[in-house]
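Trainee:
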Amino acid sequence: MCGAIGDMVAQTGTTSAVKVHDPGKDPSPIIRVRDMTKIFHNRHEVTAVNHVSLDVDQGEIFGLLGPNGAGKSTLIRILTTLMRPSSGTACIGQYLVGKDDEEIRKIIGVCPQNSTIDLDLTAYENLEFYGNLLNVDEETLPDRIHYLLGMVKLTDHTHVPVKNFSGGMRRKLEIVRAFLHHPLILFLDEPTIGLDPDSRREIWDQIKRLNAERTTIILTTHYMDEAEKLCDRIAFMNGGRLVALDTPENLKKVIPSGELIELGSPALDPAVVSLLQHRDGVRSVEIHDHVLRISVKDSSRVLPVILADLEHHSVRVQSITIRQPSLEDVFIYLTGIGLEGG
Ligand SMILES: Nc1ncnc2c1ncn2[C@@H]1O[C@H](COP(=O)(O)OP(=O)(O)O)[C@@H](O)[C@H]1O
Ligand SMILES: [Mg+2]
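Going by our numbering, the first residue of the sequence shown is number 86, and it counts up by one from there.
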């Protein structure tokens with residue numbers, strides 16, 4: 086039904102991501118989405134997800150990045166079996182979403198956008214309740230809970246009611262809660278929304294640590310720094326559509342202005358401007374206050390040529406800076422709008 090990776094999941098059971106991953110092999114898709122569409126029939130028809138097709142490779146951190154209303158949560162809800170698509174298919178391993186939902190729920194962990202943690206229960210009680218719901222072996226559950234609370238530095242708060250926790254502590258508890266049953270795939274919907282910078286960084290570390298155990302992680306975010314720091318690949322979503330999908334590095338190459346090389350030099354002869362302007366891959370050259378600003382398509386290819394030219398003309402270079410466009414720049418270039426929805 087859904088191919089080779091599914092067979093591997095089937096052979097090794099549903100418990101551990103470590104077992105199925107062979108680091109010697111190329112990653113292969115563990116999630117396959119084909120022509121997925123979700124239409125809500127409100128007062129007006131809303132196409133929340135519009136003919137989206139994508140693959141997520143096993144073991145990667147995959148980001149869905151887009152402004153509010155882009156369709157990220159809807160896509161996550163469909164993949165986590167909480168909502169039916171209007172059309173299209175999705176496979177998780179060999180399992181078909183909408184048909185094998187019970188099996189899918191055993192191999193995924195979900196941390197939804199809106200908190201579903203019980204504030205009156207302690208951290209331990211929350212995890213215990215959820216562990217029972219997920220059928221985690223009763224004998225191993227206490228150890229697992231203590232291990233996970235230690236992992237997110239909440240050991241001191243094991244028996245404290247969650248209503249006394251900060252926003253960051255609650256979010257960390259929710260993330261490890263999704264991880265209680267060693268899922269193959271972890272879905273995190275806006276894991277750091279509304280948190281302070283320190284808590285956000287801690288959660289990023291946490292996500293990286295979970296991924297180091299070869300858990301595939303799909304996260305949604307409208308923070309470009311989050312996507313950039315964490316994700317191996319990023320899918321840009323806007324208005325329900327998939328706008329682009331690639332590594333952060335490659336996405337930035339989409340912008341025609343490419344990168345900006347800034348070379349500091351005490352003595353710059355305007356003649357070097359016309360010389361460099363004719364080099365392959367150079368888009369524009371300007372001199373500003375002893376700094377040569379060269380807009381290029383790909384600095385790794387062009388920089389050696391430029392430096393050789395300058396040396397040939399005895400121009401001494403004191404500093405070299407290469408600035409890449411941000412993911413926000415790329416998103417604006419592709420969609421005409423910013424990630425904050427502006
Ligand atoms: N349950 C629902 N009923 C009706 N419309 C919905 C529902 N969920 C989401 N939408 C609409 O679908 C679009 C995408 O929403 P959502 O998937 O939550 O986006 P995101 O997570 O990227 O912010 C929005 O226009 C939203 O108003
Ligand atoms: Mg959302």
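Note that the Cβ used here is the ideal one computed from N, Cα and C, for glycine as well.
1. Inspect the beta-carbon positions of ASP281 and SER158 and report whether they are closer than 7 Å.
2. Near ILE372, what residues of its chain come up, given a Cβ to Cβ distance below 8 Å and the 5 sequence neighbours on each side ignored?
3. Mind checking whether the beta-carbon of SER158 lies closer than 6 Å to any heavy atom of ligand 2?
4. Excluding the 5 residues flanking SER350 on each side, which residues of the same chain have their C-beta closer than 7 Å to its C-beta?
5. Does at least one heavy atom of ligand 2 sit under 6 Å from the Cβ of GLN179?
6. So within the stretch 146-222, which uninterrupted alpha helix (DSSP H) runs reach at least 4 residues, ignoring any that extend past its ends?
7. Are ALA208 and LEU239 close, meaning C-beta to C-beta below 7 Å?
8. Whose C-alpha, out of LEU164, MET309, VAL195, is nearest the C-alpha of LYS257?
9. Mind reading off the beta-carbon distance from PHE272 to GLY151? Whole number of angstroms is fine, and I expect it under 8 Å.
10. Please check the pair ILE270 and ILE192, which I expect to be a contact at CB under 8 Å, by giving their CB distance rounded to whole angstroms.
11. Whole-angstrom Cβ separation of THR132 and GLY325, contact assumed at under 8 Å?
12. By how many angstroms is the C-alpha of ILE292 removed from the C-alpha of SER171?
13. At 3 residues or longer, and completely inside the stretch 255-290: list those beta strand (DSSP E) runs for me, N to C.
14. Buried or exposed for ARG190, going by 16 or more other Cβ atoms inside 10 Å?
Mentor: According to the data block:
1. Reading the sequence shown from its first residue, position 196 is the one you call residue 281. Reading the sequence shown from its first residue, position 73 is the one you call residue 158. No, the pair does not count as a contact, with Cβ atoms beyond the cut-off.
2. By one-based count along the sequence shown, residue 372 stands at place 287. Result list for ILE372: LEU353, PRO355, VAL358, ARG378, in chain order.
3. Against the sequence shown, residue 158 aligns to sequence position 73. The nearest non-hydrogen atom of ligand 2 is less than 6 Å from the C-beta of SER158.
4. In the sequence shown, counting from the first residue as 1, residue 350 sits at position 265. Same-chain partners within the cutoff: HIS375, LEU377, VAL400, ARG401, VAL402, GLN403.
5. Here residue 179 refers to the residue found at position 94 of the sequence shown. With a threshold of 6 Å, the Cβ atom of GLN179 does not count as near ligand 2, since no heavy atom of the ligand is closer than that.
6. Within the stretch 146-222, the complete alpha helix (DSSP H) runs of at least 4 residues are 157-164, 186-192, 208-218.
7. If you number the sequence shown from 1, residue 208 lands on position 123. If you number the sequence shown from 1, residue 239 lands on position 154. Yes, the Cβ-Cβ distance between ALA208 and LEU239 is below 7 Å.
8. Within the sequence shown, numbered from 1, the residue matching residue 257 stands at position 172. Of LEU164, MET309, VAL195, the residue nearest in Cα terms is VAL195.
9. Locating residue 272 in the sequence shown gives position 187, counting from the first residue. Locating residue 151 in the sequence shown gives position 66, counting from the first residue. In this structure, PHE272 and GLY151 do not form a Cβ contact; the two beta carbons are roughly 16 Å apart against a cut-off of 8 Å.
10. Indexing the sequence shown from 1 puts residue 270 at position 185. Indexing the sequence shown from 1 puts residue 192 at position 107. Confirmed, Cβ separation roughly 6 Å.
11. Numbered from its first residue, the sequence shown carries residue 132 at position 47. Numbered from its first residue, the sequence shown carries residue 325 at position 240. With 8 Å as the limit, THR132 and GLY325 qualify as a contact, their Cβ atoms being about 5 Å apart.
12. Taking the first residue of the sequence shown as 1, we reach residue 171 at position 86. Taking the first residue of the sequence shown as 1, we reach residue 292 at position 207. For SER171 and ILE292, the distance between alpha carbons rounds to 31 Å.
13. List check, beta strand (DSSP E) in window: 270-274.
14. Taking the sequence shown and counting its residues from 1, one reaches residue 190 at position 105. Label assigned to ARG190: buried.
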